[in-house]
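Novice: Protein chains in written order, with the numbering used here: chain A, 594 to 687; chain B, 4 to 524.
Once you've had a glance at the structure underneath, I'll fire off some questions.
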Amino acid sequence: MDDGQKLNTKPTVAARARMNPGVCLFVVVLIVAVYVAHQDSWNWTKSEPLLFGFLPPGLAYHAGYSLWTAVMMAILVRVAWPKHLESTEENPRE
Amino acid sequence: MIPVIVVLIYLALIAVIGSVALSKSRENTEDFFLANRSIGPLVFFLSIFATNMTAFAILGSSGQAYRQGIGIYGLMASSSCFVIPLTIFFIGTRLWALGKKFGHQTQVSFFRDRWECNHIGTVIFALSAAMLVPYMIISIMGGGTVLSNISASGPDHQPMIPYAWGCAVVAVVVTLNVFLGGMRGTVWVNILQTTLFLCFGAVAVAVISHALPLGFSDYMGKLASDPKTKFLVTREKMPAAVFWSYTFIPLSSIMFPHMAIMCFSAKKVTAFKQTVIAYPLAILAIWLPCVFLGVLGAAALGKIPDPDGVLLQMLNKYTAPWLAGILGAGIISAVMGSDAHQVLALSTMFTKDIFAHYGGHEKFGEKKSVHFARGFIVVVTLIAYFVALSLKEKQGIFEIAIRYAFSGFAAMAPVMIAAQFWKRSTKWGALAATLFVATALIWIAVTQASHKPGDVLWQLGANKVFFINPRGDVSFWNGFMTVVPMVFGSAICVVLFSLFSRPPSQATIDRYFETTSYASN
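In structure tokens:
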């Protein structure tokens with residue numbers, strides 16, 4: 594490694610947004626839980642019961658899963674929105 | 004005849020919107036490529052969704068459901084519902100902020116500035132462009148096929164619009180729209196397009212359900228009770244390893260140049276809020292009816308020669324001609340919405356990352372850069388059109404190329420993540436990952452062409468590390484798709500080569516991480 598330059602890893606601007614560690618943990622757990630729920634091995638070979646009389650269980654589950662991902666995103670927007678980006682202003686280099 | 008008239012009226016409307024957009028435009032590249040970063044929340048959502056939804060979302064999804072059953076929804080749609088909004092939320096918002104602050108209009112211009120590099124950015128550009136071009140060609144091919152299919156009439160099903168004319172109509176309308184209106188014309192058209200194809204699924208299901216001789220439950224019961232067709236309502240023939248691997252594919256979305264460029268175009272970052280919540284609902288609205296109708300087609304139509312045409316056949320058989328025309332316009336919308344963004348993205352990349360970067364902008368100025376971009380759009384569409392005509396019978400090649408492209412763009416995601424979230428990442432890490440992805444794609448293409456199903460490519464003890472699966476694709480250990488090792492391999496390349504090379508200057512790191520990061524303490 595070229596150590597000609599030392600990297601300053603400290604936060605550079607005090608005004609940056611901060612994410613509460615508890616919220617951060619909640620966000621990680623929520624995302625992992627929803628990801629795991631995608632792998633619904635218990636529905637793999639099930640053909641019954643048909644939801645509303647015509648939707649196979651595997652399809653009904655993933656339709657519900659899609660709704661749940663929308664809820665997950667709504668929660669993320671509520672608790673983890675990068676608010677500090679809202680004040681971004683133009684500052685071209687040249 | 005009626006479907007053709009409806010579709011032609013719709014196409015004319017799109018061309019008119021492009022010309023109105025021209026009257027609002029200013030002769031500078033930021034306006035032409037990004038609509039002056041002025042896109043509001045609703046239009047932003049409709050456009051970013053149109054950008055990412057190709058004809059595959061309607062025709063391919065129903066065709067795959069006809070072949071493989073309901074598992075296609077979980078495999079492709081619900082995994083996208085999870086991954087794509089997350090990438091837009093975490094990566095897209097930061098990309099917007101960096102674009103706004105530093106004036107970036109493409110991913111490559113961000114990488115060049117972030118990592119203080121020049122030619123490495125050109126390498127990333129070359130790989131991205133190479134993976135995007137087949138996508139554009141197949142959009143034109145898809146448009147030609149759809150127009151010829153929905154215009155087929157009479158007992159011998161002769162199309163009123165032959166394939167070549169269908170391709171030409173799509174190419175001309177997309178070119179006019181993008182050439183005249185740039186990003187503004189494209190997103191205005193997207194409002195109409197996305198609304199049309201969002202309604203498509205529900206209308207198609209409602210109309211077809213009324214026309215079918217039996218009820219939905221009768222058809223589904225019939226499929227479930229027959230051992231030969233039961234797999235269509237379960238996932239018993241779908242390997243779990245493939246199902247899991249597919250969750251990596253939607254990582255490609257944010258790395259598609261047209262998606263990233265859309266992220267730059269929003270007026271405010273708050274436009275992303277509604278988008279990430281509505282995105283999974285929109286996927287649900289399109290994919291659920293199409294997958295359901297594809298499976299239903301297996302029961303209602305029996306064996307058909309072209310499974311990708313199952314939905315068109317059901318529309319022709321079970322709906323009135325005028326409605327088939329409107330629904331056909333919905334399918335064409337999906338084709339052209341994404342095609343327009345691909346053409347515009349290629350033009351943006353060539354103009355900004357090559358022409359402007361290597362001195363063209365300084366030499367010719369802002370106004371001539373827009374002329375260059377417009378000229379490029381005409382040339383690239385003409386080339387794509389003639390390729391679509393001359394290689395019509397080899398459409399499968401482009402479909403395979405797109406499969407590679409999805410894996411390739413997904414494997415480039417670690418590069419974007421490193422650029423945005425890891426201060427210590429370097430241009431050498433990015434170059435290593437890019438070369439790794441390019442090499443992997445070439446190796447997979449050559450290997451698949453030269454081996455037959457069942458061949459073992461690399462074995463460690465009793466474990467087959469790489470082998471050719473029964474479909475003829477290269478598979479990774481236990482049947483995982485190659486996208487899995489590609490994503491991890493790319494991430495390892497970024498980390499290792501970054502750690503062993505010089506980081507960008509502290510000033511650059513400060514500029515970037517002031518803009519986007521959460522404080523670590």
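Just so it is clear, CB atoms sit at the ideal spot from N, CA and C, and this is done for glycine as well.
1. Should Q632 (chain A) be counted as a contact of the ligand GDP given a C-beta to heavy atom distance under 7 Å?
2. Measuring CB atoms only, is the region 120-132 of chain B touching the region 142-150 of chain B, in the sense that at least three cross pairs come out at less than 8 Å?
3. Cutting at 7 Å between CB atoms, please list the residues of its own chain near V390 (chain B), excluding the five before and the five after it.
4. Within its chain, find whatever has a CB closer than 6 Å to the CB of A80 (chain B); leave out the 5 residues flanking it on each side and keep chain order.
5. Would you call the region 343-353 of chain B and the region 258-269 of chain B in contact, with 3 or more CB pairs under 8 Å?
6. Excluding five sequence neighbours on each side, which residues of the same chain lie with their C-beta closer than 7 Å to the C-beta of R187 (chain B)?
7. Quick check on DSSP: helix, strand or coil for I471 (chain B)?
8. If I measure Cβ to Cβ from L201 (chain B) and keep anything under 7 Å in the same chain, skipping five residues before and after, which residues do I get?
9. In chain order, what residues of the region 612-632 of chain A put their CB closer than 8 Å to some CB of chain B?
10. By how many angstroms is the C-alpha of F219 (chain B) removed from the C-alpha of I153 (chain B)?
11. Take the Cβ of K240 (chain B) as the centre, count every other Cβ of all protein chains shown within 10 Å, and call the residue buried at 16 or more, exposed below.
12. With H, G and I counted as helix, E and B as strand and the rest as coil, what does DSSP make of S228 (chain B)?
13. Would you please verify whether the beta carbon of W674 (chain A) is less than 8 Å from any beta carbon of chain B?
14. Using a Cβ-Cβ cut-off of less than 7 Å, give me the residues of the region 352-369 of chain B that come near chain A, in sequence order.
15. Which class does F503 (chain B) belong to by DSSP, given the choice of helix, strand or coil?
16. Look up A323 (chain B) in the DSSP assignment and say whether it is helix, strand or coil.
17. Counting contacts by CB-CB distance shorter than 8 Å, is W635 (chain A) in contact with chain B?
18. Please report the straight-line C-alpha distance between D458 (chain B) and G464 (chain B), rounded to a whole angstrom.
19. Please report the distance separating the alpha-carbon of T605 (chain A) from that of A205 (chain B).
20. Give me the Cα-Cα distance between H360 (chain B) and S508 (chain B), rounded to the nearest whole angstrom.
21. Using the beta-carbon of each residue, which ones in chain A are nearer than 9 Å to R117 (chain B)?
22. For the alpha helix (DSSP H) holding L669 (chain A), just list the boundary residues, first then last.
23. G74 (chain B): which of B:H160, B:Q316, B:G297 sits nearest, CA to CA?
24. Using a C-beta cutoff of 8 Å, does F114 (chain B) count as contacting chain A?
25. Three Cβ pairs or more, each shorter than 8 Å: is that satisfied between the region 264-283 of chain B and the region 46-66 of chain B?
26. Between the region 611-630 of chain A and the region 658-667 of chain A, can you find at least three pairs of beta-carbon atoms closer than 8 Å?
27. Using the Cα positions of F645 (chain A) and L195 (chain B), report the straight-line distance between them to the nearest angstrom.
28. At a CB-CB cut-off below 7 Å, which residues of chain A make contact with E33 (chain B)?
29. Please work out which residues of its chain come closer than 7 Å, Cβ to Cβ, to L326 (chain B), disregarding the five sequence neighbours upstream and downstream, and give them in chain order.
30. Considering Q108 (chain B), what are the terminal residues of the beta strand (DSSP E) in which it resides?
31. How long is the line joining the alpha carbons of G185 (chain B) and T354 (chain B), rounded to whole angstroms?
32. With a threshold of 8 Å between beta-carbons, can T273 (chain B) be considered close to chain A, or not?
33. Please state if the CB of N180 (chain B) and the CB of A18 (chain B) are separated by a distance shorter than 8 Å.
34. So, does the CB of P642 (chain A) fall closer than 8 Å to a CB anywhere in chain B?
35. If G66 (chain B) and P310 (chain B) are in contact, beta carbons under 8 Å, what's the gap, nearest whole angstrom?
36. Exposed or buried, which one is T250 (chain B) when buried takes at least 16 other CB atoms within 10 Å?
Specialist: According to the structure data:
1. Ligands are entirely absent from the displayed structure, and the ligand GDP is therefore not among its contents.
2. no
3. I140, listed in sequence order.
4. I286, W290
5. yes
6. A24, K27, S28, A38
7. strand
8. A285, A288, I289
9. Of all residues in the region 612-632 of chain A, M612, I624, V627, Y628, H631, Q632 have a Cβ within less than 8 Å of some Cβ in chain B.
10. 25 Å
11. exposed
12. helix
13. yes
14. none
15. F503 (chain B) carries a coil assignment under DSSP once its states are collapsed to helix, strand and coil.
16. Secondary structure at A323 (chain B): coil, using DSSP grouped into helix, strand and coil.
17. Under the Cβ criterion of 8 Å, W635 (chain A) is not counted among the residues facing chain B.
18. 16 Å
19. Annotation note: pLDDT 39 at T605 (chain A) (below 50); position unreliable, coordinate value reported separately. Approximately 51 Å between the Cα atoms of the pair.
20. The alpha-carbon separation between H360 (chain B) and S508 (chain B) amounts to approximately 21 Å.
21. Under the 9 Å cutoff, chain A gives no residues; its nearest Cβ is about 12 Å from R117 (chain B).
22. 650-673
23. B:G297
24. no
25. Yes, the region 264-283 of chain B touches the region 46-66 of chain B.
26. With a cut-off of 8 Å, the region 611-630 of chain A and the region 658-667 of chain A count as touching, because enough Cβ pairs lie within range.
27. 32 Å
28. The premise fails here: E33 (chain B) is roughly 11 Å from chain A at the closest Cβ pair, so nothing lies under 7 Å.
29. Setting aside the 5 residues that flank it on each side, L326 (chain B) is surrounded in the same chain by V210, each with a C-beta closer than 7 Å to its C-beta; the list follows chain order.
30. From DSSP, Q108 (chain B) is part of no beta strand (DSSP E); its letter is neither H nor E.
31. 13 Å
32. yes
33. yes
34. no
35. 5 Å
36. buried
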